[in-house]
Amino acid sequence: MLKDNQKHNESVAPNSAFLSELQRALPEFFTADRYNEQGELIAKGGFDLARFERAR
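In terms of this note's numbering, the sequence shown opens at residue 235 and continues consecutively.
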């Protein structure tokens with residue numbers, strides 16, 4: 235049972251609608267996408283949990 239739960243947790247993806255709502259409400263806690271010199275995406279931005287926790 236524990237292994238089933240762990241496998242499920244590994245496959246769970248973030249809820250994009252919820253993340254969009256969070257980004258509108260708390261934009262200071264999101265990082266921007268990063269691109270290389272050719273304009274290719276090298277790191278997808280997202281919620282910065284560490285920054286959020288420091289702000290509390």
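Virtual Cβ for every residue (Gly too), placed ideally from N, Cα, C.
Query	Result
Alpha-carbon to alpha-carbon, R258 and A251	11 Å
Residues bridged to A277 (per DSSP)	R268
Coil, strand or helix - A247 by DSSP	coil
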